[in-house]
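> In my numbering, the protein residues as written are 913 to 1214. From the three backbone atoms N, C-alpha and C, an ideal C-beta is built for every residue, glycine too. Bear in mind that the values here come from a model prediction, so they are computed numbers and not experimental data.
1) Do the stretch 1116-1125 and the stretch 1074-1082 touch if we need at least three Cβ pairs shorter than 8 Å?
2) Taking the runs of the alpha helix (DSSP H) that are 4 residues or longer, which of them lie wholly in the stretch 919-973?
3) With a CB to CB cut of under 6 Å and the five nearest residues on each side skipped, what residues in its chain are close to residue 951?
4) Assuming the contact rule is C-beta atoms closer than 8 Å, residue 926 and residue 1013 should be a hit. Round their C-beta distance to whole Å, please.
5) Rounded to whole angstroms, what is the Cα-Cα separation between residue 1107 and residue 1193?
6) Just list the alpha helix (DSSP H) runs in the stretch 1037-1086, keeping only unbroken ones of 4 residues or longer that don't cross its boundaries, in chain order.
7) Thinking C-beta only, is residue 922 closer than 8 Å to residue 1030?
8) In whole angstroms, what separates the C-alpha of residue 1148 from that of residue 1056?
9) Put residue 1020 into one of helix, strand or coil per three-state DSSP.
10) Does the stretch 1125-1136 come into contact with the stretch 1087-1097, if we say contact requires no fewer than three beta-carbon pairs (one atom in each stretch) closer than 8 Å?
11) Between residue 1132 and residue 976, how many whole angstroms is the CB-CB distance? I'm expecting something under 8 Å.
12) Can you grab the Cα-Cα spacing for the pair residue 1052 / residue 918, in whole Å?
13) Quick check: residue 983 and residue 949, are their CB atoms within less than 8 Å of each other?
14) So residue 1072 and residue 1082 are supposed to be a Cβ contact under 8 Å. How far apart are they, rounded?
15) Less than 6 Å between C-beta atoms, sequence neighbours within five positions excluded: which residues of the same chain meet that for residue 1054?
16) Three-state secondary structure (DSSP) at residue 1167?
17) Are there 16 or more other CB atoms within 10 angstroms of the CB of residue 963, so buried, or fewer, so exposed?
18) Quick check on residue 1194: does DSSP put it in helix, strand or coil?
19) Mind the definition here: the stretch 924-943 touches the stretch 1005-1012 only if three or more C-beta pairs lie below 8 Å; say whether that holds.
20) With a 10 Å radius around its C-beta and 16 neighbouring C-beta atoms as the bar for buried, classify residue 945 as buried or exposed.
21) Roughly how many angstroms lie between the CA atoms of residue 1098 and residue 1184, to the nearest whole one?
22) Would you report the Cα separation of residue 1047 and residue 1130, rounded to the nearest angstrom?
23) Three-state secondary structure (DSSP) at residue 1211?
24) Would you grab the beta carbon distance between residue 1037 and residue 1175 for me? Rounded to a whole angstrom, and I think it's under 8 Å.
25) Could you tell me which of 1177, 947, 935 and 1204 sits nearest to residue 1043, measuring between CA atoms?
26) From this set, 1128, 1121, 1206 and 1191, which residue's C-alpha is nearest residue 1066's C-alpha?
27) Is residue 981 helix, strand or coil when you go by DSSP?
28) Between residue 1204 and residue 1177, what straight-line distance do the alpha-carbon atoms span, to the nearest angstrom?
29) For a cutoff of 8 Å on Cβ pairs, would you count residue 1030 as touching chain B?
30) Nearest to residue 1004 by alpha carbon, out of 965, 1050 and 961?
31) In angstroms with no decimal places, state the Cα-to-Cα distance between residue 967 and residue 1095.
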């Protein structure tokens, strides 16, 4: 019974903290939330694949429309009864709380000392991070899925990654991050244990491929993924993309994320001073931190 009370208490604390942030203003934190909650409402009232004639000159044109947040919109449906704006705000609170709980679960499964306190630290680590968690978008559930993937990678539950990969594709088009985690796990094991562990890569790839092919929007989802990701990766467009795809300047990132940067630097210093040989678990955590750090320096959305 006591074991169940800890995650419940943590979820309520996360929920209360994010609600305080969310309802400090009656407004929506960003504009995308209006789109997501409205599309979820359309799915509830018209069916899982509603007509979408609203953006004919974009990559979301009706002819090639692909709901690249399909399961995220399904998760939003319970919040579409009543005022959609309020529903979107409560959804953001709930999903962020689930993400933080998933991070606690990762710490707990790895027997990190004072895991609840470290997890609660997420509420104060970065203003920019809390903003991203406060918007009604798929990032929160994406973080939860990546935390679960981290757990299963470290516990050797590789078959679970196939299911997670399939679900991730249907939920959010950031699914390549799951494959990146599998690659980093391969490198961590190769460097620290001198062996090649291909199974996470194989199961993750299988799940992602199945999610792409066994998809209600196939093959439009493949066309969309190409058109959506290529301009960001190759800077292959003269059209300015959203502000979140551009870097912070140095002062901005120091102002809004200094505790996170201090925590990262402290962790690196602790690794150097520990005098212990690095294991695969620590190497994977380091590689993931470096990956997302580099991504953050390229685009503030990370």
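On the basis of the data shown:
1) Touching, yes.
2) If we require 4 residues or more, the alpha helix (DSSP H) runs fully inside the stretch 919-973 come out as 944-958.
3) The residue you call residue 951 lines up with position 39 of the chain shown. Cβ neighbours of residue 951 beyond the five flanking positions: 985.
4) Here the question's residue 926 lines up with position 14 in the chain shown. Here the question's residue 1013 lines up with position 101 in the chain shown. The Cβ separation is near 6 Å, so the contact holds.
5) Start at 1 with the first residue of the chain shown, and residue 1107 comes out as number 195. Start at 1 with the first residue of the chain shown, and residue 1193 comes out as number 281. Computed Cα separation, rounded: 15 Å.
6) 1039-1046, 1051-1067 and 1071-1083
7) The residue given as residue 1030 occupies position 118 in the chain shown. The residue given as residue 922 occupies position 10 in the chain shown. Not a contact, by the Cβ cut-off of 8 Å.
8) In the chain shown, the residue the question calls residue 1148 occupies position 236. In the chain shown, the residue the question calls residue 1056 occupies position 144. Unreliable positioning characterises residue 1148 in this predicted model, as indicated by a pLDDT of 49, which lies under 50. The coordinate reading is nonetheless provided below. When rounded, the separation of the alpha-carbon atoms in residue 1148 and residue 1056 is 31 Å.
9) Numbered from 1 along the chain shown, position 108 holds the residue referred to as residue 1020. Helix, per DSSP.
10) Contact fails: fewer than three Cβ-Cβ distances are below 8 Å.
11) Here residue 1132 refers to the residue found at position 220 when the chain shown is read from its first residue. Here residue 976 refers to the residue found at position 64 when the chain shown is read from its first residue. Right, the Cβ-Cβ distance comes to about 5 Å (below 8 Å), so this counts as a contact.
12) Counted from its first residue, the chain shown places residue 1052 at position 140. Counted from its first residue, the chain shown places residue 918 at position 6. Approximately 21 Å, taken between the alpha carbons.
13) As a working note, residue 983 is residue 71 in the chain shown. As a working note, residue 949 is residue 37 in the chain shown. It is not a contact, given that the beta carbons lie outside the stated cut-off.
14) Along the chain shown, read from residue 1 onward, the residue named residue 1072 stands at position 160. Along the chain shown, read from residue 1 onward, the residue named residue 1082 stands at position 170. Contact flag wrong, Cβ pair sits at about 16 Å.
15) What you label residue 1054 is simply residue 142 of the chain shown in a count that begins at 1. Contacts found: 1084 and 1086.
16) Counting from 1 along the chain shown, the entry for residue 1167 is found at position 255. Looking at residue 1167 - three-state DSSP - the assignment turns out to be helix.
17) Counting from 1 along the chain shown, the entry for residue 963 is found at position 51. So residue 963 ends up on the exposed side.
18) Counting from 1 along the chain shown, the entry for residue 1194 is found at position 282. DSSP places residue 1194 in helix when its eight states are reduced to three.
19) yes
20) Against the chain shown, residue 945 aligns to sequence position 33. Buried.
21) Indexing the chain shown from 1 puts residue 1098 at position 186. Indexing the chain shown from 1 puts residue 1184 at position 272. For residue 1098 and residue 1184, the distance between alpha carbons rounds to 23 Å.
22) Residue mapping note: residue 1047 aligns to position 135 of the chain shown, counting from 1. Residue mapping note: residue 1130 aligns to position 218 of the chain shown, counting from 1. Whole-angstrom Cα-Cα distance: 28 Å.
23) Against the chain shown, residue 1211 aligns to sequence position 299. It is coil, neither helix nor strand.
24) Working through the chain shown from its first residue, we reach residue 1037 at position 125. Working through the chain shown from its first residue, we reach residue 1175 at position 263. The pair is a contact, with the Cβ atoms about 7 Å apart (cut-off 8 Å).
25) Taking the chain shown and counting its residues from 1, one reaches residue 1043 at position 131. Nearest option by C-alpha distance: 935.
26) For this step, residue 1066 is matched to residue 154 along the chain shown. Ranking 1128, 1121, 1206 and 1191 by Cα distance to residue 1066 puts 1191 first.
27) Stepping through the chain shown from its first residue, residue 981 is reached at position 69. Here residue 981 sits in coil by DSSP.
28) Position 292 of the chain shown, counted from the start, is the residue given in the question as residue 1204. Position 265 of the chain shown, counted from the start, is the residue given in the question as residue 1177. If you take the alpha carbons of residue 1204 and residue 1177, they lie about 14 Å apart.
29) Given the protein chain composition of this structure (a single chain), no chain B is represented.
30) The count along the chain shown starts at 1 and reaches residue 1004 at position 92. Nearest C-alpha to residue 1004: 1050.
31) Taking the chain shown and counting its residues from 1, the one referred to as residue 967 is at position 55. Taking the chain shown and counting its residues from 1, the one referred to as residue 1095 is at position 183. Looking at the two C-alpha atoms, the distance is approximately 36 Å.
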